[in-house]
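Report on the structure given below.
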Amino acid sequence: MEAVLADSNQSGCLTVGEGVVLNGTFVVPDIASVSGSIEGDITARELIVASSGVIKGKVTAEIIDLRGEIHDTLTAKKSLFIRSTGKALGSVQYAEIEIEKGGDLQGSLQKIDGDGPASGTY
Amino acid sequence: MATPIENSQPPVIEPEPVAPEMPMAEIDSGYPAGGNGNGGIKPSVNNLKPSIISEGFEFIGEIRSNGYLTIDGTVRGTLSLHSIQIGVTGVLDGNVTCDTMNVKGNFAGSLDCRDLTIGSRAVVDGKVSFKSITIQRGGVVKGELKKKP
Chain A
-1 MEAVLADSNQ
9 SGCLTVGEGV
19 VLNGTFVVPD
29 IASVSGSIEG
39 DITARELIVA
49 SSGVIKGKVT
59 AEIIDLRGEI
69 HDTLTAKKSL
79 FIRSTGKALG
89 SVQYAEIEIE
99 KGGDLQGSLQ
109 KIDGDGPASG
119 TY
Chain B
18 MATPIENSQP
28 PVIEPEPVAP
38 EMPMAEIDSG
48 YPAGGNGNGG
58 IKPSVNNLKP
68 SIISEGFEFI
78 GEIRSNGYLT
88 IDGTVRGTLS
98 LHSIQIGVTG
108 VLDGNVTCDT
118 MNVKGNFAGS
128 LDCRDLTIGS
138 RAVVDGKVSF
148 KSITIQRGGV
158 VKGELKKKP
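Heads up: the sequence lines are chains A and B, in that order. For the first sequence, the numbering used here assigns the number -1 to the initial residue and increments by one for each residue that follows. For the second sequence, the numbering used here assigns the number 18 to the initial residue and increments by one for each residue that follows.
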């Protein structure tokens, strides 16, 4: 589903396939879809981490849909959705949060003021 | 002075003789396998009835039970229970140990539980350790979260 999202609108999007390992700082104007592994900082409008995806570093996005893992620092300016296979460890900031049963959330949590309601479609 | 005092000691009120065994049989066998017309509703933990702190009721102190507690009022203190539900109007402030916690209202303090559910209008603030967590969209969680192995 995430691949379809990114395929239909490739401008400003980043797709990291399964098995791909990236290091560095990434600024993604639109959707970042991660099935591989990223070490470093990533900023996106919308971040979709598939169940095989792992991100270690500072992650900032308006909308985060997490089926994989994010370690370290995570900021969701609008909404953070942790699915049943998702794992968020470290310092977490969110405007709106939802966790499915089985989802893992550990560390320090802080609610921030979101700029308007989330526009994400679930 | 009609009755002569046989004993010089002051009269002692004897406690009611306690029955050697509480009539537990009817509780234990209350749910026969064949069904008893209760629609298959499972008995609560240890067949205890749920306790309710109603709206407008404030309790400060310690609660220990193996059963269910529903809080629609305000509770401050130390709680050790099997199951707690904080209703939309409920406020719980304190140290809590339980198996299942369902928050629809307000919780502050430290919580140690197995299964935590946070509703969409709930506010949870404090130190929380759990084995399984569910947060519905709109629920607010602040503080330290720790997952137990």
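From the three backbone atoms N, C-alpha and C, an ideal C-beta is built for every residue, glycine too. Note that the structure is a prediction, hence the values are computed from the model and not measured.
When DSSP states are grouped into helix, strand and coil, A/Leu103 belongs to the strand group. Annotation: the continuous beta strand (DSSP E) that includes A/Val32 extends over Val19 to Val32. Within the same chain, Cβ atoms closer than 6 Å to the Cβ of A/Ala42 are found at Val26, Ala30 and Ala59, the five residues on either side in sequence being excluded. Each residue's CA atom was taken as its position, placing B/Arg138 and A/Ser50 some 32 Å apart. Taking the Cβ atoms as the reference, B/His99 lies roughly 19 Å from B/Gly122, outside the contact range of under 8 Å. For B/Glu161, the number of other beta carbons within 10 angstroms of its own is below 16, and it is reported as exposed. With fewer than 16 other Cβ atoms from the protein chains shown falling within 10 Å of its own Cβ, A/Lys99 counts as exposed.
Classified as exposed, B/Phe74 has fewer than 16 neighbouring CB atoms from the shown chains inside 10 Å of its CB. Look at B/Glu72 here: in three-state DSSP terms it is coil, with no helix or strand label. The C-beta of A/Lys76 comes no closer than 9 Å to any C-beta of chain B. Within the stretch 92 to 107 of chain A, Glu94, Ile95, Glu96, Ile97, Glu98, Lys99, Gly100, Gly101, Asp102, Leu103, Gln104, Gly105, Ser106 and Leu107 place their CB atoms closer than 8 Å to a CB of chain B, listed in sequence order.
Selection B/Thr134, B/Asp116, B/Gly156 and B/Gly111 evaluated against B/Phe76 yields B/Gly111 as nearest (Cα-Cα).
A Cβ-Cβ separation of about 18 Å leaves A/Ile40 out of contact with A/Gly17 under the 8 Å criterion.
Against chain A, the CB of B/Gly160 has a partner CB under 9 Å away; the residue lies at that interface. For B/Leu162, the enclosing beta strand (DSSP E) begins and ends at Val157 to Lys164. Residue A/Ala48 holds the alpha-carbon nearest to the alpha-carbon of A/Glu67 among A/Thr73, A/Ala48 and A/Lys75.
Closer than 9 Å to the CB of A/Phe24 there is not a single CB belonging to chain B. Note that the C-beta distance between B/Gly107 and B/Glu72 is below 9 Å. Residue contact with chain A for B/Ile152: present (Cβ-Cβ distance below 9 Å to some residue of chain A).
Residue range Asn123 to Asp129 is occupied by the beta strand (DSSP E) that includes B/Asn123.
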